[in-house]
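Student: Counting from 1 along the sequence shown, just add 208 to a position and that's the residue number in our numbering. We put the CB at the ideal spot given by N, CA and C, even for glycine.
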Amino acid sequence: MLSLIGIGLNDEKDITVKGLEKVKAADYVYLENYTSKLQCSLETLEKFYGKAVVPVEREFVEDGTILMSQAGYQNIVLLIIGDVFSATTHIALTMMAKEKHIDFEIINNASVMNAIGITGLELYKFGKTTSIPFHESNTAYDIIKSNKLLHTLCLLDLVPKENKFMEASEAIEKLEKSGFNMKTKVVVCAQLGSKNPTILYTEAKNIKPLNIFPQCLIIPGDLHFIEKEALEGYSK
Ligand SMILES: C[S@@+](CC[C@H](N)C(=O)[O-])C[C@H]1O[C@@H](n2cnc3c(N)ncnc32)[C@H](O)[C@@H]1O
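(1) So what does DSSP say about V231, is it helix, strand or coil?
(2) When you measure from the CB of G237 to every non-hydrogen atom of ligand 1, does any distance come out below 7 Å?
(3) When DSSP labels each residue in this structure, what does A398 get in the three-state scheme?
(4) Using CA coordinates, which residue listed in K353, V396, L361 is at the minimum distance from N389?
(5) In the structure shown, what three-state DSSP assignment does F256 receive?
(6) Assign Y349 to one of three DSSP states: helix, strand, or coil.
(7) Could you check if G272 is buried or exposed, using at least 16 other CB atoms within 10 Å of its CB as the buried criterion?
(8) Quick one: is the Cβ of L287 within less than 7 Å of any heavy atom of ligand 1?
(9) What does the alpha-carbon distance come out to for the pair L253 and I213?
(10) Can you give the Cα-Cα distance for A158 and L425, rounded to whole angstroms?
(11) List the whole-angstrom C-beta distance separating V264 from G290, where the pair is believed to meet the contact cut-off of C-beta under 8 Å.
(12) What is the rounded straight-line gap between the Cα of V367 and the Cα of L431?
(13) Just the C-alpha distance for S386 and F342, rounded to the nearest angstrom, thanks.
(14) Does the count of Cβ pairs from the stretch 296-304 and the stretch 267-284 closer than 8 Å reach three?
(15) Label A260 either buried or exposed according to how many other C-beta atoms from any shown protein chain fall within 10 Å of its C-beta, with 16 as the threshold for buried.
(16) Taking only the alpha-carbon atoms, compute the straight-line gap between T347 and S294 and give it to the nearest angstrom.
(17) Q423: beta carbon under 7 Å from a heavy atom of ligand 1?
(18) Tell me whether P263 sits in a helix, a strand or coil according to DSSP, three-state version.
(19) In the DSSP assignment, the beta strand (DSSP E) including Q423 goes from what residue to what residue?
(20) With distances taken Cα to Cα, identify the nearest neighbour of T243 among G227, G335, V395, G216.
(21) From S339 to K382, what does the alpha carbon distance come to, in whole angstroms?
(22) Which same chain residues, not among the five before or five after V292, have their C-beta less than 8 Å away from its C-beta?
(23) For the candidate residues K333, Y332, A323, whose alpha-carbon lies nearest to that of V396?
(24) For ligand 1, I want to know if L301 counts as a neighbour, meaning its beta carbon is within less than 7 Å of at least one of the ligand's heavy atoms.
(25) When you compare the CB positions of I415 and A376, do they come within less than 8 Å of one another, or not?
Structure below.
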């Protein structure tokens, strides 16, 4: 059995009761360690779960061979920070499991995709989500434009194994190179799901490095007066 378990956004205690029961009963527990960042250490997770947790990188997960062969005769858990399906790669594992007739289950959790609701922006009014990569690219700017009146969530590149995370200020510099108007009011969120998340609403040109991670950037579209009022509470 392969269990894909979302462990939430913040720390060891964000796992669901159902998820924790599966972890405790597992033969092997892996942690997908390349699409996000928790606010606690691996040791803290292991202590709370009472299990060894093995961090794994993209090649291991996307290849899937070891996961599939173990899941054929053991209880294998793959932990995913946030929710299982808020990264592009994990649906492939369920398709692989189906093809190989391996039992699998999904245990969902909170994701950055819904935690951004704290800004006051209506989740139903978001357009296509985009990523801002470390390398040069105009894609994010084009998606912001194509979302027109809808809000745009920009996920920021990261390389957790090198402790490398993009600042929203760096993402904005990249957008400026593509032609983004620096007078646009944007929302920066850091460490959503924690006790003290940082949320800033100000003109793009005012965004400075925060040095707390992970961060995401939202380009608001057309604002309902209630959204505007909520955002003003985060004005700097
Ligand atoms: C692939 S995405 C989402 C991964 C995760 N599975 C989830 O459900 O949230 C990772 C990106 O989301 C954003 N992100 C993730 N967690 C965040 C948080 N707690 N606060 C702010 N942004 C976050 C960052 O831009 C990060 O690079």
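Tutor: Working from what's here:
(1) For the purposes of this step, residue 231 is taken as residue 23 along the sequence shown, with counting starting at 1. Here V231 carries a helix assignment [DSSP, helix/strand/coil].
(2) For the purposes of this step, residue 237 is identified with residue 29 of the sequence shown, where counting begins at 1. The displayed chain sequence assigns Val, not Gly, to residue 237. Not one heavy atom of ligand 1 sits closer than 7 Å to the Cβ of V237.
(3) Stepping through the sequence shown from its first residue, residue 398 is reached at position 190. In the structure shown, A398 sits in a strand (DSSP, three-state: E or B).
(4) The residue you call residue 389 lines up with position 181 of the sequence shown. The candidate whose alpha carbon is nearest that of N389 is K353.
(5) Residue mapping note: residue 256 aligns to position 48 of the sequence shown, counting from 1. Note: F256 maps to helix in three-state DSSP.
(6) Locating residue 349 in the sequence shown gives position 141, counting from the first residue. It is helical.
(7) For the purposes of this step, residue 272 is taken as the residue at position 64 of the sequence shown. A buried status is given to G272, since no fewer than 16 other beta-carbon atoms sit within 10 Å of its beta-carbon.
(8) By 1-based counting over the sequence shown, the position of residue 287 is 79. No, ligand 1 has no heavy atom inside 7 Å of this Cβ.
(9) In the sequence shown, residue 253 corresponds to position 45, counting from 1. In the sequence shown, residue 213 corresponds to position 5, counting from 1. Between L253 and I213, the alpha-carbon positions lie close to 14 Å from each other.
(10) Coverage of the chain is limited to positions 209 through 444, which leaves residue 158 absent and any answer about it impossible.
(11) If you number the sequence shown from 1, residue 264 lands on position 56. If you number the sequence shown from 1, residue 290 lands on position 82. The C-beta distance from V264 to G290 rounds to 16 Å, too long to meet the 8 Å contact threshold.
(12) By 1-based counting over the sequence shown, the position of residue 367 is 159. By 1-based counting over the sequence shown, the position of residue 431 is 223. Taking the CA atoms as reference points, V367 sits about 33 Å from L431.
(13) Residue mapping note: residue 386 aligns to position 178 of the sequence shown, counting from 1. Residue mapping note: residue 342 aligns to position 134 of the sequence shown, counting from 1. One alpha carbon belongs to S386, the other to F342, and they sit about 14 Å apart.
(14) At 8 Å Cβ cutoff, the stretches touch.
(15) Counting from 1 along the sequence shown, the entry for residue 260 is found at position 52. By the neighbour-count criterion, in which a residue is buried when 16 or more other Cβ atoms sit within 10 angstroms of its Cβ, A260 is exposed.
(16) Mapped onto the sequence shown, residue 347 falls at position 139. Mapped onto the sequence shown, residue 294 falls at position 86. Spanning the two alpha carbons is a distance of roughly 19 Å.
(17) In the sequence shown, residue 423 corresponds to position 215, counting from 1. For Q423, the shortest separation between its Cβ and any heavy atom of ligand 1 lies below 7 Å.
(18) Mapped onto the sequence shown, residue 263 falls at position 55. Looking at P263 - three-state DSSP - the assignment turns out to be strand.
(19) Mapped onto the sequence shown, residue 423 falls at position 215. It spans 423-427 - the beta strand (DSSP E) in which Q423 sits, taken as one unbroken run.
(20) Residue numbering aside, residue 243 sits at position 35 when the sequence shown is read from its first letter. Comparing C-alpha distances from T243 to each of G227, G335, V395, G216 shows the shortest one belongs to G216.
(21) Taking the sequence shown and counting its residues from 1, the one referred to as residue 339 is at position 131. Taking the sequence shown and counting its residues from 1, the one referred to as residue 382 is at position 174. Spanning the two alpha carbons is a distance of roughly 12 Å.
(22) Position 84 of the sequence shown holds residue 292. Here the set comprises L212, I213, G214, H298, I314, I315, N316, N317.
(23) Stepping through the sequence shown from its first residue, residue 396 is reached at position 188. The shortest C-alpha separation from V396 is found at A323.
(24) Along the sequence shown, one-based indexing puts residue 301 at 93. It does not: the Cβ of L301 is nowhere closer than 7 Å to a heavy atom of ligand 1.
(25) By one-based count along the sequence shown, residue 415 stands at place 207. By one-based count along the sequence shown, residue 376 stands at place 168. With contacts defined by Cβ atoms closer than 8 Å, I415 and A376 form a contacting pair.
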